[in-house]
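**Student:** Per numbering that gives the first Met the number 0, residue 0 is the first one in the sequence shown, and the count goes up by one each step. Could you have a look at this structure, given as structure tokens, before my questions?
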Amino acid sequence: MSDNTAILEGFTQEYIAEGGGCEVHIFVQLDADLDGEFKAYDADNCEFITVFGWNVTLEAIEVDDGPFCCALS
0 MSDNTAILEG
10 FTQEYIAEGG
20 GCEVHIFVQL
30 DADLDGEFKA
40 YDADNCEFIT
50 VFGWNVTLEA
60 IEVDDGPFCC
70 ALS
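In structure tokens, the structure reads:
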């Protein structure tokens with residue numbers, strides 16, 4: 000699976016999740032309960048995973064809408 004497939008399935012919010020000594024680049028759905036258990040797309044391993052929000056620190060990745068950015072719409 001690719002990042003594009005996950006985005007087309009609604010996993011459009013991008014985060015770095017840190018916890019348990021690991022750091023994972025993930026995409027989540029807009030309505031995900033980030034304090035609970037939620038499904039995410041692991042961009043590093045190209046697979047869906049389950050994240051326990053109470054067990055990780057999430058840092059949102061800001062999208063650069065500059066002239067060289069390919070915007071998804």
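Here a beta-carbon is modelled for each residue, glycine too, at the ideal position from N, C-alpha and C.
Out of GLY19, ASN44, ASP30 and GLU13, state which residue places its alpha-carbon closest to the alpha-carbon of ASN54.
**Tutor:** Closest option to ASN54, Cα to Cα, is GLY19.
**Student:** To the nearest angstrom, how far is it from the Cα of VAL23 to the Cα of PHE10?
**Tutor:** Going from the Cα of VAL23 to the Cα of PHE10 covers about 15 Å.
**Student:** According to DSSP, GLY35 sits in a beta bridge with which residue or residues?
**Tutor:** Paired residue(s): none; GLY35 is not in a bridge.
**Student:** Per DSSP, what are the beta-bridge partners of VAL23 in this structure?
**Tutor:** Answer is ALA16, bridged to VAL23.
**Student:** Determine the DSSP secondary structure at ASP43, reduced to helix, strand or coil.
**Tutor:** Residue state, collapsed to three classes: coil.
**Student:** For ALA5, which residues does DSSP report across the bridge?
**Tutor:** DSSP, once it has assigned bridges, lists no residue as partnering ALA5.
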